[in-house]
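For reference, the structure discussed in these notes is given below.
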Amino acid sequence: MGVTNFFGEAWRAGKSFAIGLNITFKEMVFRPAITIFYPDETDKVPAWFRGIPLQKTDLLTGEYKCTSCGMCVEACPVNVITLEWHQDPTTKKKVADRYAIDMSRCMLCNYCIEACPFDSLVMGYDYELCKVDPENLVYEFEDLLRMGLKYSSAEQAGPKGKKNATPPWVFHGLTGATEEDIQDKNGYLGRPPLGKGYVPELKDRFKKPAEEVAQTAPHEAKTPDAPVVTKSTPTQTAPVNTNPANVSAQAGPAAPSPAKAAEDKTANVAEQKPDQTVNTEKTSGEEAK
Amino acid sequence: MVAWWNSLSPVAQAWIWGFGKATLILIWGLLNFAVAMMLERKLSAWIQNRVGPWRAGLHGWLQPIPDLLKLFLKEYIEPRNIDKPLFVIAPFIGFVMCLLIWLIIPIGPGAVAMNLDIGIIFIAAITGYDVIMIFMSGWGSNNKYSLLGAMRGAAQMISYEVTLVMSIIGVVMMAGSLRLSDIVDAQAARGPLGWYLLPQIIGFLIYLIASLAELNRAPFDLSEAESELVSGYHTEYSGFRWAVFALTEYIHLVGWSAIAATLFLGGWTGPTHADLAALVGNLVNGFGLFPNGAGTGLIDWANNAAVNMGWFAKWIWGFWWFAFKTYLFVFLAMWIRWTLPRVRIDQLMDLGWKFLLPVSLLNIFLTGILKFVATEYHGVPVNLGFTTLRLLGWWTN
Numbered sequence: 026m027g028v029t030n031f032f033g034e035a036w037r038a039g040k041s042f043a044i045g046l047n048i049t050f051k052e053m054v055f056r057p058a059i060t061i062f063y064p065d066e067t068d069k070v071p072a073w074f075r076g077i078p079l080q081k082t083d084l085l086t087g088e089y090k091c092t093s094c095g096m097c098v099e100a101c102p103v104n105v106i107t108l109e110w111h112q113d114p115t116t117k118k119k120v121a122d123r124y125a126i127d128m129s130r131c132m133l134c135n136y137c138i139e140a141c142p143f144d145s146l147v148m149g150y151d152y153e154l155c156k157v158d159p160e161n162l163v164y165e166f167e168d169l170l171r172m173g174l175k176y177s178s179a180e181q182a183g184p185k186g187k188k189n190a191t192p193p194w195v196f197h198g199l200t201g202a203t204e205e206d207i208q209d210k211n212g213y214l215g216r217p218p219l220g221k222g223y224v225p226e227l228k229d230r231f232k233k234p235a236e237e238v239a240q241t242a243p244h245e246a247k248t249p250d251a252p253v254v255t256k257s258t259p260t261q262t263a264p265v266n267t268n269p270a271n272v273s274a275q276a277g278p279a280a281p282s283p284a285k286a287a288e289d290k291t292a293n294v295a296e297q298k299p300d301q302t303v304n305t306e307k308t309s310g311e312e313a314k
Numbered sequence: 003m004v005a006w007w008n009s010l011s012p013v014a015q016a017w018i019w020g021f022g023k024a025t026l027i028l029i030w031g032l033l034n035f036a037v038a039m040m041l042e043r044k045l046s047a048w049i050q051n052r053v054g055p056w057r058a059g060l061h062g063w064l065q066p067i068p069d070l071l072k073l074f075l076k077e078y079i080e081p082r083n084i085d086k087p088l089f090v091i092a093p094f095i096g097f098v099m100c101l102l103i104w105l106i107i108p109i110g111p112g113a114v115a116m117n118l119d120i121g122i123i124f125i126a127a128i129t130g131y132d133v134i135m136i137f138m139s140g141w142g143s144n145n146k147y148s149l150l151g152a153m154r155g156a157a158q159m160i161s162y163e164v165t166l167v168m169s170i171i172g173v174v175m176m177a178g179s180l181r182l183s184d185i186v187d188a189q190a191a192r193g194p195l196g197w198y199l200l201p202q203i204i205g206f207l208i209y210l211i212a213s214l215a216e217l218n219r220a221p222f223d224l225s226e227a228e229s230e231l232v233s234g235y236h237t238e239y240s241g242f243r244w245a246v247f248a249l250t251e252y253i254h255l256v257g258w259s260a261i262a263a264t265l266f267l268g269g270w271t272g273p274t275h276a277d278l279a280a281l282v283g284n285l286v287n288g289f290g291l292f293p294n295g296a297g298t299g300l301i302d303w304a305n306n307a308a309v310n311m312g313w314f315a316k317w318i319w320g321f322w323w324f325a326f327k328t329y330l331f332v333f334l335a336m337w338i339r340w341t342l343p344r345v346r347i348d349q350l351m352d353l354g355w356k357f358l359l360p361v362s363l364l365n366i367f368l369t370g371i372l373k374f375v376a377t378e379y380h381g382v383p384v385n386l387g388f389t390t391l392r393l394l395g396w397w398t399n
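Here's what the structure looks like:
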């Protein structure tokens with residue numbers, strides 16, 4: 026360091042020092058804080074936010090869009106998707122017995138959504154997924170469907186086997202569903218795997234009208250040799266399950282007639298509530314007879 | 003009470019008085035720690051467009067209390083193969099030494115715990131123990147990061163101690179005394195423009211830089227560089243032992259700021275309410291252009307108040323100015339910390355030995371020459387540079 030450099034460097038150091046202090050002072054005094062007081066207020070997440078993969082429901086027909094094709098399972102890099110299915114002998118369609126995502130290992134890569142040929146999966150923007158028990162981080166089909174209602178649309182899917190016109194990366198804002206629609210009133214969300222034959226209770230606006238149920242009923246009749254997928258009560262005209270609602274509505278001795286169900290839906294809901302948690306094969310079989 | 007006090011033996015008086023002062027200093031230090039730590043967290047938050055601690059107390063300003071409570075309750079983790087006596091005692095050595103600084107700092111007119119005649123030398127001496135604290139903790143921790151941090155800290159602090167003392171010598175030469183209260187009195191006699199800030203501007207800047215290095219604060223926090231050494235010399239500490247390191251850091255910061263305020267900004271001296279009233283009176287009078295009753299009355303009242311001011315009012319004003327100036331430097335240190343990135347160890351050594359030390363020696367040389375000129379040619383008009391020297395406060399009359 027020569028003598029000429031000596032003062033030159035000191036001058037430049039002092040100058041840049043003053044500039045830096047000026048910048049931080051401006052930031053300190055004039056720029057407001059960008060903090061969001063998280064538990065008190067939450068920020069809006071961007072449209073491309075990847076929170077949790079969810080299952081969509083076609084709000085027009087009330088059926089879920091998943092066809093159990095297994096593409097998402099293939100695509101998943103960390104193997105967190107569990108899919109078990111059987112073939113419905115009548116319709117020759119695959120019926121999902123269990124579709125579960127282990128959110129404790131999911132890395133939110135969006136690959137399953139990109140792989141889905143039926144636009145059935147969607148990345149939700151729900152991010153408050155903490156659970157006390159890690160077991161509860163396994164999200165079952167019902168949970169995924171329930172949370173996915175918010176992202177479901179009433180649009181008809183495109184031609185069979187083709188992707189929907191809506192690109193899968195448009196994640197939300199397609200439906201008028203509100204936060205109220207996905208309230209976890211019965212504690213469904215994120216609980217350990219339930220047995221088969223369980224039907225989540227849906228809001229009225231997502232239930233199928235009873236007449237429609239009666240019309241489509243024979244089409245989706247259940248056969249005894251197929252594994253029991255779900256169990257339903259007469260009032261449960263749940264769109265998220267394949268068929269049992271129709272079965273019971275049609276043949277269940279204890280069930281009220283479809284017309285009556287349509288008349289006082291709320292009364293029936295209240296009446297049949299205790300049955301919803303019963304999920305044995307036996308009960309379901311009795312009703313079917 | 004007075005009779006009881008006088009009835010005690012001088013030895014007992016000294017002990018009781020000493021314990022009282024020590025307790026006051028401890029409380030003062032802890033109080034300063036709380037304020038400085040909160041200030042640091044809030045300032046860093048504001049600079050980074052955050053809000054900082056928010057939940058405890060109003061806008062989080064009571065955060066140090068839960069922090070310290072938490073650290074009290076935490077476990078003492080001790081790694082294997084540590085040198086236990088060194089490991090345990092190191093933080094407390096630093097803590098005691100940073101409190102010792104407050105012994106000799108006058109925080110008001112006559113309010114000084116020990117009016118040592120070697121004030122500055124005493125500070126330089128006890129600062130040496132910081133090196134020992136850092137090296138003890140680094141060596142005792144049996145950890146490579148700790149040892150690296152300790153080596154760096156020792157090298158850095160020893161280097162900058164030289165510069166620091168050299169930068170202070172200019173002030174000592176001007177005041178003619180090492181005693182801090184004498185330095186404050188000399189500045190009080192010269193008036194606010196004669197504070198050693200302007201005449202000793204080179205020494206002041208060097209003192210600022212060197213004290214930052216001495217305090218191990220950014221941009222010179224090489225001994226606890228988080229991104230390189232996990233936490234430097236206190237990597238292995240936890241619980242209250244770690245808290246003592248934090249206490250040491252902040253009390254030290256306030257202590258060095260207080261020394262800076264005392265040496266360069268006139269310590270506790272500053273305008274009192276009498277001076278302010280006189281200023282307002284002068285303004286009302288238009289500085290003598292259109293004297294009127296109100297202004298003259300105010301000036302009279304101010305003169306009266308200045309003469310009759312009780313010791314308590316003087317002490318309050320002195321304390322206020324002292325705290326204000328001290329926290330000015332604390333703020334400056336924090337502002338610098340959250341502005342500048344960390345320097346490399348070779349840059350640090352270059353700056354210390356190749357720049358600051360020569361410049362501080364030059365400052366001593368200049369101070370000597372100017373002092374000689376100012377006393378030898380006192381009152382003689384010096385054509386070239388006379389105005390400058392006058393402005394810089396070398397000619398006092």
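Same order as they appear, the protein sequences are chains S and X.
Counting from 1, position 70 in the first sequence corresponds to residue 95 in the working numbering; the numbering is continuous, with no gaps.
Counting from 1, position 103 in the second sequence corresponds to residue 105 in the working numbering; the numbering is continuous, with no gaps.
Think of the CB as a built atom: it goes at the ideal place given N, C-alpha and C, for glycine as much as any other residue.
Worksheet entry | contact_flag[the region 100-118 of chain X, the region 246-257 of chain X] where n(CB pairs < 8 Å) is 3 or more | Of all C-beta pairs linking the region 100-118 of chain X to the region 246-257 of chain X, three or more are shorter than 8 Å, placing the two stretches in contact.
Fill in: Cβ contact (3+ pairs, closer than 8 Å) linking the region 288-307 of chain X and the region 144-162 of chain X
The region 288-307 of chain X makes no contact with the region 144-162 of chain X, as fewer than three CB pairs between them are under 8 Å.
Discussion item. Distance cutoff 7 Å, beta carbons only. Does Thr341 (chain X) sit that close to anything in chain S?
Written reply: yes
Worksheet item: For chain S, is any of its Cβ atoms less than 7 Å away from the one on Ile2 (chain X)?
Response: Residue 2 (chain X) cannot be examined here, being either before or after the span of chain X that is shown, 3 to 399.
Worksheet entry | Top-ranked residue by Cα proximity to Ala156 (chain X), from X:Trp317, X:Leu249, X:Ala215 and X:Val361 | X:Ala215
Practice prompt. Please compile the residues from chain X whose C-beta is within a distance smaller than 8 Å of the C-beta of Ile339 (chain S).
Written response: With chain S covering 26 to 314 only, the question about residue 339 (chain S) has no answer from this structure.
Worksheet item: Is it the case that the Cβ atoms of Gly138 (chain X) and Leu88 (chain X) are separated by a distance below 7 Å?
Response: One detail in the question is off: residue 138 (chain X) reads as Met in this sequence, not Gly. Taking 7 Å as the Cβ cut-off, Met138 (chain X) and Leu88 (chain X) qualify as a contacting pair.
Worksheet item: For Phe242 (chain X), which option in X:Glu80, X:Ala38 and X:Leu33 has the closest C-alpha, if you only look at C-alpha atoms?
Response: Of all alpha-carbon atoms in X:Glu80, X:Ala38 and X:Leu33, the one lying nearest the alpha-carbon of Phe242 (chain X) is that of X:Glu80.
Worksheet item: Roughly how many whole angstroms lie between the Cα atoms of Ala43 (chain S) and Val163 (chain S)?
Response: 55 Å
Practice prompt. Kindly say whether Met53 (chain S), judged by its beta-carbon, lies nearer than 7 Å to any beta-carbon of chain X.
Written response: yes
Worksheet item: Which full runs of the alpha helix (DSSP H) of 4+ residues lie inside the region 58-145 of chain X, going along the chain?
Response: 66-75, 86-102 and 121-142
Worksheet entry | Contact list for Trp337 (chain X) against chain S, beta-carbon separation under 9 Å | Leu46, Thr49, Phe50 and Met53
Worksheet item: Alpha carbon to alpha carbon, what distance is there between Met176 (chain X) and Pro68 (chain X)?
Response: 46 Å
Worksheet item: If you draw a straight line from the C-alpha of Ser233 (chain X) to the C-alpha of Ala227 (chain X), how long is it?
Response: 6 Å
Discussion item. Is there a Cβ of chain X sitting closer than 7 Å to that of Arg130 (chain S), yes or no?
Written reply: no
Fill in: Cβ-Cβ distance between Ile49 (chain X) and Met53 (chain S) below 7 Å
Here Ile49 (chain X) is near Met53 (chain S), since their CB atoms are less than 7 Å apart.
Discussion item. According to DSSP, is Tyr89 (chain S) part of a helix, a strand, or is it coil?
Written reply: strand
Discussion item. Residues of the region 35-46 of chain X in Cβ contact with chain S at a cutoff of 9 Å, in chain order, please.
Written reply: Leu45
Discussion item. Would you say Arg56 (chain S) lies against chain X (beta-carbon separation less than 7 Å)?
Written reply: yes
Item to complete: Would you mind telling me which residues of chain X sit closer than 9 Å to Ala35 (chain S), beta carbon to beta carbon, in chain order?
Response: Going along chain X in sequence order, the residues near Ala35 (chain S) (Cβ under 9 Å) are Phe357 and Val361.
Item to complete: Tell me whether Thr377 (chain X) sits in a helix, a strand or coil according to DSSP, three-state version.
Response: helix
Discussion item. Does the region 59-68 of chain S come into contact with the region 104-124 of chain S, if we say contact requires no fewer than three beta-carbon pairs (one atom in each stretch) closer than 8 Å?
Written reply: no
Item to complete: Give me whichever residues DSSP pairs with His111 (chain S) in a beta bridge.
Response: S:Val120
Practice prompt. With distances taken Cα to Cα, identify the nearest neighbour of Asp168 (chain S) among S:Pro78, S:Phe55 and S:His111.
Written response: S:Pro78
Worksheet entry | Spatially closest choice to Val2 (chain X) from X:Tyr329, X:Gly269, X:Pro360 and X:Ala126, by CA coordinates | Nothing about residue 2 (chain X) can be read from this structure; chain X reaches only from 3 to 399.
Discussion item. Using a Cβ-Cβ cutoff of less than 7 Å, which residues in the same chain neighbour Thr165 (chain X) once the five nearest sequence positions on both sides are dropped?
Written reply: Leaving aside the five residues that flank Thr165 (chain X) on each side, the residues in its chain whose CB is nearer than 7 Å to its CB run, in chain order, Ile208, Ala212, Gly354, Leu358, Leu359 and Ser362.
Practice prompt. Would you mind giving the Cβ-Cβ distance between Thr271 (chain X) and Gln189 (chain X), rounded to the nearest angstrom? I have them listed as a contact below 8 Å.
Written response: 6 Å
Practice prompt. Rounded to whole angstroms, what's the CA-CA distance from Trp319 (chain X) to Lys327 (chain X)? Just pull it up for me.
Written response: 12 Å
Worksheet entry | Trp6 (chain X) versus Met311 (chain X): straight-line alpha-carbon distance, rounded | Computed Cα separation, rounded: 29 Å.
Item to complete: List the DSSP bridge partners of Thr82 (chain S).
Response: S:Tyr89
Worksheet item: Three-state secondary structure (DSSP) at Ala220 (chain X)?
Response: coil
Fill in: For Trp340 (chain X) and Leu45 (chain X), believed in contact at Cβ under 8 Å, the rounded distance
A Cβ-Cβ distance of about 7 Å is found for the pair Leu45 (chain X) and Trp340 (chain X), placing them in contact under the 8 Å criterion.
Worksheet item: Which residue from X:Ile109, X:Asn8 and X:Ala38 puts its Cα closest to that of Ala263 (chain X)?
Response: X:Ile109
Worksheet entry | Cβ shell of Ile231 (chain X) (< 6 Å), same chain only, five flanking positions each side left out | In the sequence as displayed, the identity of residue 231 (chain X) is Leu instead of Ile. The answer, listed in chain order, is Tyr147, Leu150 and Gly151.
Worksheet item: Taking 7 Å as the CB-CB limit, is Val345 (chain X) close to chain S?
Response: At a cut-off of 7 Å between C-beta atoms, Val345 (chain X) does not count as an interface residue with respect to chain S.
Practice prompt. Out of S:Lys156, S:Phe55, S:Gly39 and S:Ile138, state which residue places its alpha-carbon closest to the alpha-carbon of Gly149 (chain S).
Written response: S:Ile138
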